[in-house]
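**Q** First the structure, which I've put down as structure tokens, then a few questions once you've had a look.
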Amino acid sequence: MSSDFGFWKHGTADPEEIFDKIAEGDTSDLTGSPDVVRFREGLLARWPEIEDSLEPTKFDLEDEPDDALKYVLLTLSVRELDHLSEILSMAKEHGLVGYSGVAGEPI
1070 MSSDFGFWKH
1080 GTADPEEIFD
1090 KIAEGDTSDL
1100 TGSPDVVRFR
1110 EGLLARWPEI
1120 EDSLEPTKFD
1130 LEDEPDDALK
1140 YVLLTLSVRE
1150 LDHLSEILSM
1160 AKEHGLVGYS
1170 GVAGEPI
């Protein structure tokens, strides 16, 4: 079992709609921010093992490099959920908002 969480800086739609769209690869409602990149880099520095749970992937970024500025989508296993409170704190420190796909609510 896993849980999905999306994070971004600025969006023009409601969080659930943005989350659904980024899960499908549509970032049209998002504007980029270096804070998203810093958040992503912080996650990977703290937990390098979550790289396979992180989107956009390195391969996605080859096609759409600007997506690194727009969002982070995490699919966390039950084991990785132990990191969630720290991940949410990191997102807050970077001024990011987001959505929990499991809870069905903004974070």
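Residue 1070 is where the sequence shown starts when you use my numbering, and the numbers rise one by one after that. Glycine included, C-beta positions come from ideal geometry on N, C-alpha and C. A quick note: this is a predicted structure, and the numbers were derived from the prediction, not measured.
Starting from the Cα of Lys1076, find the closest Cα among Lys1139, Asp1135 and Ser1146 and give me that residue.
**A** The residue asked about is misnamed: residue 1076 is Phe in this sequence, not Lys. With distances taken between Cα atoms, Phe1076 lies closest to Lys1139.
**Q** So, helix, strand or coil for Ser1146, using DSSP?
**A** Reduced to three states, the DSSP call for Ser1146 is strand.
**Q** Just checking, does the stretch 1079–1097 make contact with the stretch 1167–1175 on the three C-beta pairs under 8 Å criterion?
**A** Result yes; three or more Cβ-Cβ pairs closer than 8 Å.
**Q** So which of Phe1128, His1152 and Val1141 has the shortest CA-CA distance to Leu1165?
**A** Leu1165 has its Cα closest to that of Val1141, out of Phe1128, His1152 and Val1141.
**Q** How long is the line joining the alpha carbons of Leu1150 and Ser1072, rounded to whole angstroms?
**A** Cα to Cα, the separation comes out at about 8 Å.
**Q** Among Ser1169, Val1105 and Phe1108, which residue has its Cα nearest to the Cα of Thr1144?
**A** Measuring from the Cα of Thr1144, the nearest candidate turns out to be Ser1169.
**Q** Just curious, the beta strand (DSSP E) that Val1166 is in, first and last residue?
**A** Val1166 to Ser1169 is the extent of the beta strand (DSSP E) around Val1166.
**Q** Can the beta-carbon of Gly1167 be found closer than 8 Å to that of Phe1074?
**A** Their beta carbons are under 8 Å apart, which means Gly1167 touches Phe1074 by this criterion.
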